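In my numbering, each residue's number is its place in the sequence shown (first place is 1) plus 1010.
Positions of the beta carbon are idealized from the N, C-alpha and C atoms, including for glycine.
Everything numeric in this text was worked out from a predicted model, so none of it was measured.
Contents: one structure, followed by commentary.
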Amino acid sequence: MTANPEDSAEGGDEVSEKTVLAGPVFDPDLPEEVVEKLTASPGKLLAPDKTPKRTRPAEADDHVALFIGLTVVSVVIAGIALLLAQFVLPLVIGVLALAALLVVLSAFAVSGCLLGIFSLVAVGGLAVFAQWLGPDGTSIAIIVTVAVLGLLVGITGVASDSKPSRAGDARPSHLAAKYHGHYVRPEDLDKDSQRLLLRVQRARTYVAESSGELGDSFDAVQPGLILRDQEWHLARILREQSRLEKDLRKRAGKAMSQAVLDSMQPQFDAVNATRSAVQRRVSTIEEYRDKVSRAIRAQREWEQVEANVARHAEYGDLVAQASAGLGDVTRLTAAVDLEAIKQVRDASVREALDAGQWLSEASSLN
């Protein structure tokens, strides 16, 4: 059972914030599989001021190596075929014909009709070319045939190998560069900003893990989406505020006079106003979490009372059996008003729903 956040709101949070760091925040529009891979490799995330290098997918390097390897093999085979042609020409021609047939069939099977038809036309063209050269051009025909067959094999092999990798390079380093600007690292924030972000993440985690207990009367999906959007919005604000405040304090430390410091005062005021606004937003999110928590407590209370009242009959039967023939009848009376408890539960759920609606409207204004 998820702990009630209100029970440890005073003393426990301060201690745990010293030992627990905020996690990275990702753009809610990123695919879940991308978020999972980047979350598992936070060290690969890039600083906001670091320009990502254009990375080449690993599959592209593999395809180039495969093509080069097949080309080298084709050249070697061409040399062997030329040597054999001097002694066993009919055998070489037969082997080449069989190889041509296999290449055409493989092209159709692996790469589809387009490459298959191209292979068929290429082989037919080679046959016509060899016929045109005549007996004196046999060596040239063999070399060209083997070279073209090797090229077709290389194209077919690369096309076949590239099919399962259409999803792209899934290496964390590549994803971190590709989606640079779509995440905020904790180390991009100052300590105060990290603590504010951690409070938002704790509230979001609690709502995500606990709101399902409210059943169909409460939308457990929408609150999570709203809070993720709020977390992303606040993380970007805190990152920019941390950057500007660091620069501001650095310039203030080099100020030559009070007049220089006075010229910076509007910037200090802007930083302080931003932090105050973010703190109010964080407090609002925590108030929403607390309302969800109260609704969950009311839900659990109602479920437990309902289960207890449902067992009254069993205990009443026990009393009736024990009192049979004694003349007095002891009846169990309800000690609580089940309907009143249900109304309290419903009111708590409505309050949480209203708070969630307000958060949704506030999020749409960002």
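Problem set entry | For Tyr-1325, three-class secondary structure by DSSP | Locating residue 1325 in the sequence shown gives position 315, where the first residue counts as 1. In the structure shown, Tyr-1325 sits in a helix (DSSP, three-state: H, G or I).
For this session: On the DSSP bridge assignment, give the partners of Phe-1278 in chain order.
Result: One-based indexing of the sequence shown puts residue 1278 at position 268. Looking at the DSSP assignment, Phe-1278 forms no beta bridge with any residue, so it has no partner.
Exercise. By how many angstroms is the C-alpha of Phe-1278 removed from the C-alpha of Ala-1317?
Worked result: Position 307 of the sequence shown, counted from the start, is the residue given in the question as residue 1317. Position 268 of the sequence shown, counted from the start, is the residue given in the question as residue 1278. Here the alpha carbons of Phe-1278 and Ala-1317 stand approximately 58 Å from one another.
Problem set entry | Limits of the unbroken alpha helix (DSSP H) element including Val-1045 | Locating residue 1045 in the sequence shown gives position 35, counting from the first residue. Its alpha helix (DSSP H) spans residues 1042 to 1050.
For this session: Can you give me the start and stop residues for the alpha helix (DSSP H) that Gly-1033 sits inside?
Result: Stepping through the sequence shown from its first residue, residue 1033 is reached at position 23. It is not in any alpha helix (DSSP H) - Gly-1033 carries neither H nor E in the DSSP assignment.
Exercise. Buried or exposed: where does Pro-1174 fall if 16 or more other Cβ atoms within 10 Å of its Cβ makes it buried?
Worked result: Here residue 1174 refers to the residue found at position 164 of the sequence shown. Note on Pro-1174: pLDDT 42, under 50, position unreliable in the model; no value is reported.
For this session: Check whether the Cβ atoms of Ser-1252 and Asp-1300 lie closer than 8 Å to each other.
Result: Residue 1252 sits at position 242 when you count from the first residue of the sequence shown. Residue 1300 sits at position 290 when you count from the first residue of the sequence shown. No.
Problem set entry | Three-way DSSP call (helix, strand, coil) for Val-1231 in this model | Walking along the sequence shown from the start, residue 1231 turns up at place 221. If DSSP states are grouped into helix, strand and coil, Val-1231 belongs with coil.
For this session: Could you give the DSSP three-state label for Tyr-1193: helix, strand or coil?
Result: What you label residue 1193 is simply residue 183 of the sequence shown in a count that begins at 1. Secondary structure of Tyr-1193 (DSSP, three-state): strand.
Exercise. Starting from Leu-1206 and walking both ways along the alpha helix (DSSP H), at which residues does that stretch end?
Worked result: Taking the first residue of the sequence shown as 1, we reach residue 1206 at position 196. 1201 to 1220 is the span of the alpha helix (DSSP H), which, as asked, contains Leu-1206.
For this session: Would you identify the three-state DSSP class for Lys-1173, choosing helix, strand or coil?
Result: Looking up residue 1173 in the sequence shown gives position 163. Unreliable positioning characterises Lys-1173 in this predicted model, as indicated by a pLDDT of 46, which lies under 50. The coordinate reading is nonetheless provided below. It is helical.
For this session: Excluding the 5 residues preceding and the 5 following Ala-1213 in the sequence, name in chain order all residues of the same chain whose CB lies nearer than 6 Å to its CB.
Result: Along the sequence shown, read from residue 1 onward, the residue named residue 1213 stands at position 203. Around Ala-1213: Ile-1295, Glu-1296 and Arg-1299.
Exercise. How many angstroms separate the CA atom of Ile-1306 from the CA atom of Glu-1219?
Worked result: In the sequence shown, counting from the first residue as 1, residue 1306 sits at position 296. In the sequence shown, counting from the first residue as 1, residue 1219 sits at position 209. Those two C-alpha atoms are separated by around 11 Å.
Exercise. Which class does Arg-1285 belong to by DSSP, given the choice of helix, strand or coil?
Worked result: What you label residue 1285 is simply residue 275 of the sequence shown in a count that begins at 1. In the three-state DSSP reduction, Arg-1285 falls in the helix class (H, G or I).
Problem set entry | Simplified DSSP assignment, three categories, for Leu-1244 | Reading the sequence shown from its first residue, position 234 is the one you call residue 1244. The answer is helix: DSSP assigns Leu-1244 an H, G or I state.
Exercise. So, helix, strand or coil for Ala-1265, using DSSP?
Worked result: Position 255 of the sequence shown holds residue 1265. Correct three-state label for Ala-1265: coil.
Problem set entry | C-alpha gap between Asp-1257 and Phe-1228, whole angstroms | Taking the first residue of the sequence shown as position 1, residue 1257 is located at position 247. Taking the first residue of the sequence shown as position 1, residue 1228 is located at position 218. Looking at the two C-alpha atoms, the distance is approximately 45 Å.
For this session: With a threshold of 16 other CB atoms inside 10 Å of the CB of Ser-1358, please say whether the residue is buried or exposed.
Result: Residue 1358 sits at position 348 when you count from the first residue of the sequence shown. With 16 or more other Cβ atoms within 10 Å, it is buried.
For this session: Please confirm if the stretch 1263 to 1277 is in contact with the stretch 1179 to 1189, defined as three or more CB-CB distances below 8 Å between the two stretches.
Result: Cβ pair count under 8 Å is below three, so no.
Exercise. With C-beta atoms as the reference, is Glu-1255 less than 8 Å away from Asp-1200?
Worked result: Locating residue 1255 in the sequence shown gives position 245, counting from the first residue. Locating residue 1200 in the sequence shown gives position 190, counting from the first residue. Yes.
Exercise. Are there 16 or more other CB atoms within 10 angstroms of the CB of Val-1329, so buried, or fewer, so exposed?
Worked result: Translated into the one-based positions of the sequence shown, residue 1329 becomes position 319. By the 16-neighbour rule on beta-carbons within 10 angstroms, Val-1329 is exposed.
For this session: May I have the straight-line CA-CA distance separating Tyr-1193 from Glu-1043, to the nearest angstrom?
Result: In the sequence shown, residue 1193 corresponds to position 183, counting from 1. In the sequence shown, residue 1043 corresponds to position 33, counting from 1. If you take the alpha carbons of Tyr-1193 and Glu-1043, they lie about 14 Å apart.
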